[in-house]
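Heads up, the thing below is written out as structure tokens.
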Amino acid sequence: MIPPTFEYLRPSTIPEAIAMLQQHGDDAKILSGGQSLIPMMKLRIARPAILIDINHVAGLAYIREEDGYLKIGGLTREADLENSSLIQSRFPIIHDTAHVIADPQVRNLATLAGNLAHGDPANDHPATMLSLGAKIVATGPKGERVIPVEDFFVTLFTTALQPDEIVTEIRIPLPPARSGGAYLKLERKVGDFATAAVAAQVTLDGNGVYQQVGIGLTNVGPTPVKARNAEAFLRGKELDEANTRQAAQLASEEAQPSSDLRGPAEYKKGLVKELTVRALERAAERAGK
Amino acid sequence: MAKKQLVRVKVNGRDREAEVEPRLLLVHFIREVLGLTGTHVGCDTSHCGACTVVLDGKTVKSCTMFAPQADGRELLTVEGLIKDGQLHPLQEGFKEEHGLQCGFCTPGMLMSSYVLLQKNKMPSEEDIRWGISGNLCRCTGYQNIVKAVQYAASKMEQGGAK
Numbered sequence: 000m001i002p003p004t005f006e007y008l009r010p011s012t013i014p015e016a017i018a019m020l021q022q023h024g025d026d027a028k029i030l031s032g033g034q035s036l037i038p039m040m041k042l043r044i045a046r047p048a049i050l051i052d053i054n055h056v057a058g059l060a061y062i063r064e065e066d067g068y069l070k071i072g073g074l075t076r077e078a079d080l081e082n083s084s085l086i087q088s089r090f091p092i093i094h095d096t097a098h099v100i101a102d103p104q105v106r107n108l109a110t111l112a113g114n115l116a117h118g119d120p121a122n123d124h125p126a127t128m129l130s131l132g133a134k135i136v137a138t139g140p141k142g143e144r145v146i147p148v149e150d151f152f153v154t155l156f157t158t159a160l161q162p163d164e165i166v167t168e169i170r171i172p173l174p175p176a177r178s179g180g181a182y183l184k185l186e187r188k189v190g191d192f193a194t195a196a197v198a199a200q201v202t203l204d205g206n207g208v209y210q211q212v213g214i215g216l217t218n219v220g221p222t223p224v225k226a227r228n229a230e231a232f233l234r235g236k237e238l239d240e241a242n243t244r245q246a247a248q249l250a251s252e253e254a255q256p257s258s259d260l261r262g263p264a265e266y267k268k269g270l271v272k273e274l275t276v277r278a279l280e281r282a283a284e285r286a287g288k
Numbered sequence: 000m001a002k003k004q005l006v007r008v009k010v011n012g013r014d015r016e017a018e019v020e021p022r023l024l025l026v027h028f029i030r031e032v033l034g035l036t037g038t039h040v041g042c043d044t045s046h047c048g049a050c051t052v053v054l055d056g057k058t059v060k061s062c063t064m065f066a067p068q069a070d071g072r073e074l075l076t077v078e079g080l081i082k083d084g085q086l087h088p089l090q091e092g093f094k095e096e097h098g099l100q101c102g103f104c105t106p107g108m109l110m111s112s113y114v115l116l117q118k119n120k121m122p123s124e125e126d127i128r129w130g131i132s133g134n135l136c137r138c139t140g141y142q143n144i145v146k147a148v149q150y151a152a153s154k155m156e157q158g159g160a161k
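Protein sequence lines correspond, in order, to chains A and E.
Heads up: the first sequence at position 24 corresponds to 23 in numbering that gives the first Met the number 0, and the numbers run straight through without jumps.
Heads up: the second sequence at position 121 corresponds to 120 in numbering that gives the first Met the number 0, and the numbers run straight through without jumps.
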């Protein structure tokens, strides 16, 4: 499949890339990993007249802890997340997520920032970032703007990013002691989008009472779903099976899946319920109960 | 037509260059411009992995990358596995263990397995299956593909081949 013709630009700095975006407006698209954009261009669903390839911008691929945040650069690849010992030891939920995205070849190119900026509710990181309370740093002509992830996803394929902004960093607040998280996904085969998936991030106190709870759902609505009712129900409650089951019930009620090749809506709601139970259990296990 | 882009790559150790339209996919650059037809176009939708090549030491699907993105970088394709007329232990393994039936997926399987063995000299069966999880075999010859990779791992361990 041959995509429509386009002009190819290759800036070496972010300000240069932003100037190009300002000049070309809606006609331009940023190319980072390209693993969602290029297939859409080949299908001619996306037809940018200008592609701005930011892969030559230096210093934009990193994973580090700084100022109370885990900071992930705009060009950090899924494979980098998957192989990072910092992620594996401190943020297993992010490892869980990166590990089940597409396949090894795609993960070598695809980026976390692109996974979010694409605005696809079937993508995996949005749910995880919702559960972690991440912040998205968008850089534009006026400098950096920090967008809480819960305000980022506007509607299908539409985010809060302005046409002249680029996602340059993702910040995740460092969780307090006794925190843990997990991402569980059911997919028909490697490389498929989730039939449904659930991210759960919890913080417990010394008595096993939930202090903080974040729950995000993948591919069960027009945007990634933050299961607010389930989160609110658990906060201040004790970790026990009845509470877990009730929270899972609430999460499944917050899901708005549609019936498709991956299954009927009712099945997906049931799936969200079961995956929520399992994700909460694994999260609590990792929090050290 | 868009302005042409100069693409300079090192392919299997040789410097090559050409001016191409930016929309030219890397797989077509490799097959039609460089004339290396060992890399296959399978599904053309980023699913099957038949077009897998090694770019700066990492596997990528060359149907989901534009040729100008490879500018200044190093490529290894299936043609680059053979050394001094000797099959690579992986190629030998695929032959000995009947790791192919129709052979269409083989170039991609070889490139994914090649990188897997660079990182993990003695992979378990699960490691191998995970390593080739981005490559589909329509003949469903996975059993023998796994055996072929194991053959190569043992051979490389003994012979110190790369």
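Even glycine gets a Cβ: it sits at the ideal position worked out from N, Cα and C.
query	result
Alpha-carbon spacing of residue 42 of chain E relative to residue 32 of chain E, whole angstroms	20 Å
Continuous alpha helix (DSSP H) assignments of at least 4 residues falling wholly in the segment 77-151 of chain E	88-95, 105-118, 124-130
Cutoff 8 Å: residue 108 of chain A Cβ touching any chain E Cβ	yes
Residues that residue 48 of chain E contacts on chain A, provided the C-beta gap is smaller than 8 Å	102, 104
Residue-level contact to chain A via CB, residue 198 of chain E, 8 Å cutoff	For chain E, the structure presents residues 0 to 161; residue 198 of chain E sits outside this window and is missing.
Beta carbon proximity, residue 5 of chain A to chain E, threshold 8 Å	yes
Contact set for residue 116 of chain E: own chain, Cβ-Cβ below 8 Å, skip 5 residues either direction	89, 122, 148, 151, 152, 155
Bridge-paired residues (DSSP) for residue 65 of chain E	E:24
Neighbour flag for residue 54 of chain A against chain E, beta carbons, 8 Å	yes
Span separating the alpha-carbon of residue 100 of chain A from that of residue 142 of chain A	31 Å
Under 8 Å between C-beta atoms of residue 99 of chain E and residue 61 of chain E	no
Residue 26 of chain A (DSSP reduced to helix, strand or coil)	helix
With 16 other Cβ atoms within 10 Å as the buried cut-off, status of residue 234 of chain A	exposed
contact_flag[the segment 15-34 of chain A, the segment 105-119 of chain A] where n(CB pairs < 8 Å) is 3 or more	yes
Nearest candidate by alpha-carbon position, reference residue 44 of chain E, set A:39, A:176, A:127	A:39
Cross-strand partners of residue 157 of chain E (DSSP beta bridge)	DSSP output for residue 157 of chain E lists no bridge partner at all.
Residue(s) in a DSSP beta bridge with residue 69 of chain A	A:64, A:171
Separation of residue 278 of chain A from residue 284 of chain A, as counted between CA atoms	10 Å
Range covered by the alpha helix (DSSP H) that runs through residue 275 of chain A	264-285
C-alpha distance - residue 243 of chain A paired with residue 253 of chain A, whole-angstrom precision	15 Å
Min CB distance residue 126 of chain E to chain A below 8 Å	no
Residue 130 of chain A and residue 199 of chain A closer than 8 Å at C-beta	yes
The alpha helix (DSSP H) enclosing residue 103 of chain A, as first and last residue numbers	103-108
Cβ-based neighbour list, residue 210 of chain A, same chain, cut-off 6 Å, excluding 5 preceding and 5 following	202, 204
Test: residue 68 of chain E CB closer than 8 Å to a CB of chain A	yes
Segment contact flag, the segment 149-159 of chain A with the segment 167-182 of chain A, C-beta cutoff 8 Å, min 3 pairs	no
Cutoff 8 Å; reference residue 256 of chain A; Cβ partners in own chain excluding five residues on either side	195, 218, 219, 220, 264, 267, 268, 271
Cα-Cα separation between residue 249 of chain A and residue 228 of chain A, rounded to whole angstroms	6 Å
Cross-strand partners of residue 152 of chain A (DSSP beta bridge)	A:158
Selection of the segment 69-103 of chain A by Cβ proximity to chain E, strictly under 8 Å	78, 101, 102, 103
Cβ shell of residue 77 of chain E (< 6 Å), same chain only, five flanking positions each side left out	37, 106, 109
Proximity test, Cβ basis, 8 Å: residue 10 of chain A and chain E	no
Below-8 Å beta-carbon distance, residue 64 of chain E vs any chain A residue	yes
Span of the alpha helix (DSSP H), counted from its first residue to its last, around residue 248 of chain A	240-253
CA-to-CA distance, residue 72 of chain E to residue 96 of chain A, given in whole angstroms	29 Å
Among A:7, A:108, A:146, A:192, the one whose alpha carbon lies nearest that of residue 1 of chain E	A:7
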